[in-house]
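Reviewing the structure listed below.
Numbering (our numbering), first residue to last: 984 to 1078.
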């Protein structure tokens, strides 16, 4: 299992790679210099009750407090999570 604890593509000292034009929109922010790397690949997650995890010798890594499902029209790259995030704000609890 691989756990990404930080984004491997945020480089504060990037200068040359900040210059390429936007790849999709004239005023867009996605360029050849900031496309996602390995952390944008597939992922899997087991959602289970704490008791089940403990019975199966699994250590919980997070607590699910809210969820949402949604999508956007194709072509709006990067906005896909937005409808789901809006749902989590309505149903979630940070406590």
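Yeah, the Cβ is synthetic: ideal placement off N, Cα and C, and Gly gets one too.
Checklist line | Contacts around residue 1050, its chain only, beta-carbon distance under 7 Å, and the 5 residues preceding and following it disregarded | finding: 1071
Item checked: Cβ neighbours of residue 1069 in the same chain (closer than 8 Å, five flanking residues each side left out) -> 1051, 1053
Check: What three-state label does DSSP hand residue 1034 in the structure shown?
Finding: helix
Next item on the list: Might you give, ordered along the chain, the residues of its own chain that have their beta carbon closer than 6 Å to the beta carbon of residue 1041, omitting 5 neighbours on each side?
Entry: none
Item checked: Reduced DSSP secondary structure (H/G/I, E/B, other) of residue 1066 -> helix
Notebook entry, point to check: How should residue 1078 be labelled, buried or exposed, when 16 other C-beta atoms within 10 angstroms of its C-beta is the threshold for buried?
Noted result: Confidence at residue 1078 is low in this model, with a pLDDT of 47, below 50, so the placement of that residue should be treated as unreliable; the coordinate-derived value is given next. Residue 1078 is exposed by the Cβ-count criterion.
Note to self: Below 8 Å on the Cβ atoms is my contact criterion, and I expect residue 1005 with residue 999 to pass it. Report the Cβ-Cβ distance as a whole number of Å.
What the structure shows: No, residue 1005 and residue 999 are not in contact; Cβ-Cβ is about 16 Å, not under 8 Å.
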